[in-house]
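Quick notes on the structure that follows.
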Amino acid sequence: MSDSHARTKALDISQSICVTAPAGSGKTELLSQRVLKLLASVEQPEHILAITFTRKAAAEMRERIIDSLRYANEHVDPPKQAHKQLTWSLARDALQQSAVMDWELIDNPKRLRIQTIDSLCQNIASDLPILSRLGGTLSPADNPDQLYRQAVRSLMSELEGEDLVSGALTDLLLHLDNNFSRLYGLFITMLRCRDQWLDFAISYRQHDTKDKDLEGSLHRWLEEQLCELRQQLLPFESDLCLLTRFAAQHKSADQDCHMKCLNDLTALPDASLAAAPQWLGLFSLLLTKDNRLRKTVTKAQGFPPKSVAIGSEQKVLFEENKLLMSSLLEDMSLSSGLEQALSISQSLVAACVETNHHAILQPLTQCLIRLYAHLRLVFSINGECDYIEITLAALEALLGSYRDYQGEAQTAVAHKWDREIRHILIDEFQDTSVSQFNLIQALTAEWHQENVLHASAQRTLFIVGDGMQSIYSFRAAKVGLFIRAKEHGIGDLPLVAVELVNNFRSTSTIVDWNNATYRQIFPTEVNYSRGAVPYSPSQSMADRLDNDSRAEIVFFAKEGGRFSEATKIVDEIQRQQSQHPSESIAILVRSRTHLVDIIPALNKAGIAWSGIDLDPLKDREVIHDCLSMTKAMLNPADTVAWLAILRGPWCGLTLADLQILADCDAALEVPVSESEDADSATIARISNVKPSLDKVVNYCLTGEADSALYTAIKRLSQQGGLRLTVVARKLQEAWSMRSRQPMRSWLEKLWTNLHGPTLASSSFDGDDSDSALAFFDLVERLDQAESLGAKKFTVTLLEDHLQRLFTQTVSDIQAEQVGYKPVQIMTIHKAKGLEFDSVILPGLDKGARSDTKPLLHWNEHLFKDGSTGLLLCPIDSVAELNHEPELLDSIDFDRAFSPSPSVKSRANSHLYSFLADENKRILANEYARLLYVATTRAKSRLLLLAALQVDDEGFSRAPASNSLLYTLWPAIHQPSIISLPAVSTTENHSGPAYPLLKRLKSDYFTEQLIHSDNPNRFNSEVVNSGSGKHNIFSGQPIDRVMPQVGTCIHEVFEFIGSGPVNDQSRLSHRSDAWRSRLQQLGVCSNSIDEAVAIVVDAVKTISTSAIADWLFSSEHQAIKNEWPLSYQSLSNDVKHFIIDRSFIDADKTRWIIDYKTAQSGGSTIDEWLAMQVEKYTEQLHNYYRAVNSFDRQFNTDVVNTQCAIYLPLVDQLLLVDSPSS
């Protein structure tokens, strides 16, 4: 079965079309083909707007279109492949139109208007900055959470006022048991999704929406749900009514009162709130307390045992009815969706019966609206905002209000965009949010009417999506919007539905497994509100035959730990690499925490791997130390940071010594032991004293100590006093240099003097020097940004940026050494849009992290007639949850201080719980889609792994409800648990995961005092830790200061580049200056001589080198040294470079030279030189593109561009091939 007819229909540019394109269907090529076909018909390329949701997708589409145009321009004959022939033909037509209209598209690719939805919103909002509130200067913030915190703090500052907002805040705090920090966090959470509740809050606050409207929506929803339930119960009506009457008549009088309403039940109750008591009686009969369908009944449900029967006739009656009821329950369990319908109906009935849902809504909405006002003010003050605000601002620019479009006349901005855009194409439409959907609706509001009036010049909307791949609800994506657009169009603009079914990615084995599996776990019917999307099967069109293609699920016993799973993964990867060495393998996980045991197993097995955003930089030991040092030096009042300094590995005071210093004013006579074992007893005796490090910090920074501190230092252990003295000297030296050096130089020099690089090389994470380098790079970037007018450098700003940095997680094993592609490791969300030959999905049994309860639950329910109804419910009062309705009543002291039985807190209100459960049902549908996205990444092989808990009888238990395995469970029949070889965990768990105290060896500090004239001198020393001794000073110390040496050599070359290289007078007597510069860069005294020697050797080498003589010749043209250059890529990303040297030679060749001060070692010189070229090729290619773009505008006589690496320490110039495109 081919969908070629559907693809032809999708290329009808006279129609507005909605394409459903499942995984592997080639939707990106289809989008590109439609753009090419439109280019052949429009007057200007800017009349076409293509929208994506990521910069990567936008760059890929632009590159695909430009490559197609280039190919068609360079090849007269069409390609052999059928689908490429069509693309070639369309590209030829587009080129012909480009030539007629003089567009020069190949040379001007930026005329193609392909951008992200966020970029589009920013462009629209900037057209009317005053109305859209952006003021023309706001830019999107990298981390808007810091802006949210400012807004919340501003709101909280109004608590002491006397206006209505103060009263509303007081009511909210009382509602939350005066838990200030909890309210603070809940407010921040609400700001992150304000586009979803802002309209509702304003409507309620302005009384457009009243309590009775909310109640009406709830009652209407109940009636609709009960109608569905009645339909599902109709096949069981006769038996159910008969048995219900029996149960009602035999239930104890003191039991469920609702059952008494069913004494005369002859038909199912009406679908109305008036019949709520009868429905509640039925629910108590059919459902357990956890809302599951009963499997059996007892006397508690009105089915007494035959032992209490009077007479044989009644005995038979009791037994028959109990058997009939059990049989009825079994039949009901086989009815698809009945159990869920009963559970939902019960929750809705309970919510409707409950009263006083909205008592706190008025103060809550008042606070939320005021909070939004504070946020807008914070945006204005800081000059940046988040993408939500940009979208709302764009809507306001188009509509005159960020509220939903109501059909008003177009604004000037809307009219401008209506003139400019004639065709819109949107990729991944299933990921649109409500506000983004409204934006598209506003842009196309007039199109249907115009199409009717001008049939020959149609304006078209083309949307492509797949409801089965909507996995971004945490970004407010609503898959129901795509389904509604497909069925009803957008606004007045109708869309022709086109369905693609062919899968060009996966083999038939994978596609058939997906079809068989997801038919069983996807919903059977569409539900807009819950995002329920039925499964649409695909057909494999892969043009390869793979006999090893397979899809399998492997289960193992959870009691065996995760080592069994990791072992299976290693075995599978090794097997696949031996059989298919050229194919790609990916490990996809739901969360980074699922890799704890897998990555060590890969490393142990020597399997090369690479990961994307797996290891947050902020969690590294080295970063903790760097951050503590930075906090302490920038804020001497930060007690926690100073405790970390004194406890850190460079000082390593024991807890007993720290306590003595903190209590230096107290007359405590506590025996001190150097052993850590004595610390707990020490602390127990003095734990009631509040620590104060003010005098200790003053001593560390200035060297001044009063008699109390002097006495305390004398009372320290011998090693404690020695360590404090040595470290204090280093801190005093750094403190005296504050504000005299750039921030990075100041902090990095102190870090080096404290032997941070040495300690980083033996951190808990291995050699982690790169993390420290990334930290100081970030410090430098933020410090320089402040000097350019950006935000002031603060620790908070530094921490915010650290939140978004990840280590470059690449295994030490080089893939090229073993001949295999490295295994790709990433989250499922990161893998969307990618494909791999083999996919491994571990940890399916692991659940997702639970979300905190929001301040407000809301649901805009879509009824079957197309209308909507709003439900709002605030978080429950802490007093009500704890059975304390009179929280501020006078206290009965006799009762308050007498023992009382514990009272279990009750659950949330029924409405709040129902809305929370409704959100869980929405997430459950998304879990199925998330699993679908994961499995459809595989081309040939798919392996799923999960751990199962087994009961005493050997049966597997059902998995956690928030796990992907629970989603997959209906498609699994008789899971068999494999037995894998037992893995010894002794090596992995033989001691504490982290040493109790890691510090430099005590002898080192003694040597520091002996050599006090040179306090930075040290030899090979040892770190003491709770797990033993490790030599961390082995190897050449100079390796750790090569970055500083490289910086110095670059600066020397910049100086040399301004004159003749062989002019020795310019280089003589410069070694002292180089020594000073290296010391300023943070090189310690023990390494300074060798560092200076390297710089001198480099200078001597180039002064006698023919290569350097030509390289630094002044006869070249357009000479640039340390050339700053910015470049905008095809994806519209602006990149900034500093190019070491560039010039144009006599042959009109542009040279791009990059200096590298690497030293050879560990391999032959030829191998080492080849490694340098491979290592820096990508960097030189980026330089090439930037310089090429510059020369096309300003140096058109350049005929060739050549990149090269100059290695002054070995006097080698290595040529680097130019990029292919």
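Each residue of the sequence shown is one higher than the last, beginning at -1 in my numbering.
Here a beta-carbon is modelled for each residue, glycine too, at the ideal position from N, C-alpha and C.
(1) I think L170 touches L362, with their Cβ atoms under 8 Å apart; what is that distance to the nearest whole Å?
(2) For G867, list the residues DSSP reports as bridge partners.
(3) So the alpha helix (DSSP H) W1228 belongs to, where does it begin and stop?
(4) Where does the unbroken alpha helix (DSSP H) through C649 begin, and where does it stop?
(5) The alpha helix (DSSP H) with V150 in it runs from where to where?
(6) At 4 residues or longer, what runs of the alpha helix (DSSP H) sit wholly inside the segment 58 to 104?
(7) D10 by DSSP, collapsed to three states: which one?
(8) When the Cβ atoms of the segment 275 to 291 are set against those of the segment 343 to 359, are three or more pairs found closer than 8 Å?
(9) Kindly indicate which three-state DSSP category V462 falls into: helix, strand or coil?
(10) With distances taken from CA atoms, which of R32, R482, V1185 and D798 is nearest S66?
(11) Using only the alpha-carbon positions, how far apart do W856 and Y533 sit?
(12) Could you spell out where the alpha helix (DSSP H) holding C624 opens and where it closes?
(13) Could you check what DSSP says for T526 in three-state terms: helix, strand or coil?
(14) Does L869 pass the burial test, meaning 16 or more other C-beta atoms within 10 Å, or should it be called exposed?
(15) What are the boundary residues of the alpha helix (DSSP H) that T507 is part of?
(16) Taking the CB atoms as reference points, tell me whether V496 and A8 lie closer together than 8 Å.
(17) From which residue to which residue does the alpha helix (DSSP H) around C119 run?
(18) For L962 and T933, what's the separation of their Cα atoms in angstroms?
(19) Is there contact between the segment 642 to 652 and the segment 707 to 727, where contact requires at least three CB pairs shorter than 8 Å?
(20) Which word fits R738, buried or exposed, when buried means at least 16 other C-beta atoms lie within 10 angstroms of its C-beta?
(21) Assuming P755 is part of the alpha helix (DSSP H), what are its boundary residues?
(22) To the nearest angstrom, report how far apart E337 and S331 are at their CA atoms.
(23) If you measure between the beta carbons of V462 and K25, is that distance less than 8 Å?
(24) Suppose you measure from the CA of E58 to the CA of P957; what does that come to, to the nearest Å?
(25) Excluding five sequence neighbours on each side, which residues of the same chain lie with their C-beta closer than 6 Å to the C-beta of S1103?
(26) Suppose you measure from the CA of D1087 to the CA of N751; what does that come to, to the nearest Å?
(27) Quick one: using the 10 Å Cβ neighbour count with 16 as the cut-off for buried, is N319 buried or exposed?
(28) Return the bridge partner residues of G845 from the DSSP annotation.
(29) H421 bridges to which residues according to DSSP?
(30) Is the beta carbon of T628 less than 8 Å from the beta carbon of L745?
(31) Rounding to the nearest angstrom, what Cα-Cα distance links L998 and I1203 in this structure?
(32) Can you tell me where the alpha helix (DSSP H) with I711 in it begins and where it stops?
(33) Take Q572 as the anchor and find which of S1158, S836, T52 and S1187 has the nearest alpha-carbon.
(34) To which residues of the same chain is L479 closer than 6 Å at the C-beta, ignoring the five residues directly before and after it?
(35) Could you please give me the residues that DSSP links to C225 through a beta bridge?
(36) Kindly list the residues whose CB is nearer than 6 Å to the CB of R590, restricted to its own chain and excluding five residues on each side of it in sequence; keep chain order.
This is what the structure holds:
(1) Within the sequence shown, the letter at position 172 stands for residue 170. Within the sequence shown, the letter at position 364 stands for residue 362. Yes, L170 and L362 are in contact; Cβ-Cβ is about 6 Å, under 8 Å.
(2) Here residue 867 refers to the residue found at position 869 of the sequence shown. H859.
(3) No answer is possible for residue 1228: the residues shown for the chain start at -1 and end at 1219.
(4) Residue 649 sits at position 651 when you count from the first residue of the sequence shown. Where C649 is concerned, there is no enclosing alpha helix (DSSP H), given that its DSSP letter is neither H nor E.
(5) Within the sequence shown, residue 150 is the residue found at index 152, counting from 1. Its alpha helix (DSSP H) spans residues D143 to M154.
(6) 80 to 99
(7) Numbered from its first residue, the sequence shown carries residue 10 at position 12. Coil, per DSSP.
(8) yes
(9) Counted from its first residue, the sequence shown places residue 462 at position 464. Looking at V462 - three-state DSSP - the assignment turns out to be strand.
(10) As a first step, residue 66 must be located in the sequence shown, where it is residue number 68. Of the listed residues, the one whose Cα sits closest to S66 is R32.
(11) Within the sequence shown, residue 856 is the residue found at index 858, counting from 1. Within the sequence shown, residue 533 is the residue found at index 535, counting from 1. W856 and Y533: Cα-Cα distance of roughly 28 Å.
(12) Working through the sequence shown from its first residue, we reach residue 624 at position 626. Start and end: E619 to L632.
(13) Sequence index remark: in the sequence shown, residue 526 carries index 528 (1-based). First, the amino acid is wrong: residue 526 is Tyr here, not Thr. Coil at Y526, not helix or strand.
(14) Numbered from its first residue, the sequence shown carries residue 869 at position 871. When all chains shown are included, L869 counts as buried.
(15) Against the sequence shown, residue 507 aligns to sequence position 509. Run containing T507: S506 to I519, per the alpha helix (DSSP H) assignment.
(16) Reading the sequence shown from its first residue, position 498 is the one you call residue 496. Reading the sequence shown from its first residue, position 10 is the one you call residue 8. Yes, they are a contact pair.
(17) Numbered from 1 along the sequence shown, position 121 holds the residue referred to as residue 119. Counting along the chain, the alpha helix (DSSP H) containing C119 begins and ends at I115 to S124.
(18) Translated into positions along the sequence shown, residue 962 becomes position 964. Translated into positions along the sequence shown, residue 933 becomes position 935. Going from the Cα of L962 to the Cα of T933 covers about 12 Å.
(19) yes
(20) The residue you call residue 738 lines up with position 740 of the sequence shown. Label assigned to R738: exposed.
(21) One-based indexing of the sequence shown puts residue 755 at position 757. Per DSSP, P755 belongs to the alpha helix (DSSP H) from G754 to A758.
(22) Working through the sequence shown from its first residue, we reach residue 337 at position 339. Working through the sequence shown from its first residue, we reach residue 331 at position 333. The straight-line gap from Cα to Cα measures roughly 7 Å.
(23) Taking the sequence shown and counting its residues from 1, the one referred to as residue 462 is at position 464. Taking the sequence shown and counting its residues from 1, the one referred to as residue 25 is at position 27. Their beta carbons are under 8 Å apart, which means V462 touches K25 by this criterion.
(24) As a first step, residue 58 must be located in the sequence shown, where it is residue number 60. As a first step, residue 957 must be located in the sequence shown, where it is residue number 959. Looking at the two C-alpha atoms, the distance is approximately 40 Å.
(25) Sequence index remark: in the sequence shown, residue 1103 carries index 1105 (1-based). Once the five neighbours on either side are set aside, the close Cβ partners of S1103 are D1209.
(26) The count along the sequence shown starts at 1 and reaches residue 1087 at position 1089. The count along the sequence shown starts at 1 and reaches residue 751 at position 753. Between D1087 and N751, the C-alpha separation is close to 16 Å.
(27) What you label residue 319 is simply residue 321 of the sequence shown in a count that begins at 1. The residue is buried, with at least 16 neighbouring Cβ atoms inside 10 Å.
(28) If you number the sequence shown from 1, residue 845 lands on position 847. Answer is S961.
(29) Here residue 421 refers to the residue found at position 423 when the sequence shown is read from its first residue. Per DSSP, I46 and T458.
(30) The count along the sequence shown starts at 1 and reaches residue 628 at position 630. The count along the sequence shown starts at 1 and reaches residue 745 at position 747. A contact, by the Cβ cut-off of 8 Å.
(31) Taking the sequence shown and counting its residues from 1, the one referred to as residue 998 is at position 1000. Taking the sequence shown and counting its residues from 1, the one referred to as residue 1203 is at position 1205. Those two C-alpha atoms are separated by around 40 Å.
(32) Residue numbering aside, residue 711 sits at position 713 when the sequence shown is read from its first letter. Where I711 is concerned, the enclosing alpha helix (DSSP H) stretches over S705 to R713.
(33) Within the sequence shown, numbered from 1, the residue matching residue 572 stands at position 574. Taking only the C-alpha atoms, the option nearest Q572 is S836.
(34) The residue you call residue 479 lines up with position 481 of the sequence shown. Counting only Cβ-Cβ distances below 6 Å, and skipping sequence neighbours, we find T430 and F435.
(35) Locating residue 225 in the sequence shown gives position 227, where the first residue counts as 1. Partner(s): none; C225 has no beta bridge.
(36) Indexing the sequence shown from 1 puts residue 590 at position 592. If we look at R590 and ignore the five residues flanking it on each side, its Cβ neighbours are L612.
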